[in-house]
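Asks:
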Amino acid sequence: MLSGGCQCGAVRFRAEGQPGRASICWCRMCQKAFGGPFGALVTVNVADLTWTRGERSVFQSSDAIKRGFCAACGTPLTYEYSDEKIDLAVFAFDDPSAVEPGVQLAVESRPAWMEHLADMPVRPPMGGSSVAVVSRQHPDRDT
């Protein structure tokens, strides 16, 4: 079983059974929908998916695709293309490392700088900052 939800906790879900194909999609629609370089998605059976809190909103991003998201915080949640299968956003899961993508799609839209991402310098954590940050993000678990 995999559980997850949006950043604010207004929408939560649970997926039973074995997930299907997990992918990274570099297409421009996924880049726009996720506000990042790619969308990471995994296919599950609609029959195995339960919305445990709230309801997702949907945007018809093309004639064949709907994209689900939280209307309160904007978190991308779904890529919907069938009555039987649905793709869930990997990083909306409570444990995103439980789903490892196995294929890349639409690589022609991948930004060239992604090839060198591992070579970029890494800034150390900002320890000792005088600015206290209080997170309002929902915890990665059902509450």
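Using numbering that gives the first Met the number 0, you'd call the opening residue of the sequence shown number 0 and step up by one each time.
Every residue, glycine too, gets a C-beta built ideally from N, C-alpha and C.
Rounded to whole angstroms, what is the Cα-Cα separation between residue 89 and residue 40?
Replies: 5 Å
Asks: Using DSSP bridges, identify the partner residues of residue 75.
Replies: In DSSP, residue 75 forms a bridge with 68.
Asks: Going by the DSSP bridge assignment, what does residue 48 pair with across the sheet?
Replies: 14
Asks: Please report the residue range of the alpha helix (DSSP H) in which residue 32 lies.
Replies: 27-33
Asks: If you drop the 5 nearest sequence neighbours on each side, which residues of the same chain put their C-beta closer than 8 Å to that of residue 142?
Replies: 8
Asks: Considering only residues of the same chain and omitting the five flanking positions on each side of residue 60, which have a CB-CB separation below 6 Å?
Replies: Excluding sequence neighbours, residue 60 sits near 28, 66.
Asks: Whole-angstrom Cβ separation of residue 76 and residue 10, contact assumed at under 8 Å?
Replies: Correct: roughly 7 Å between the Cβ atoms.
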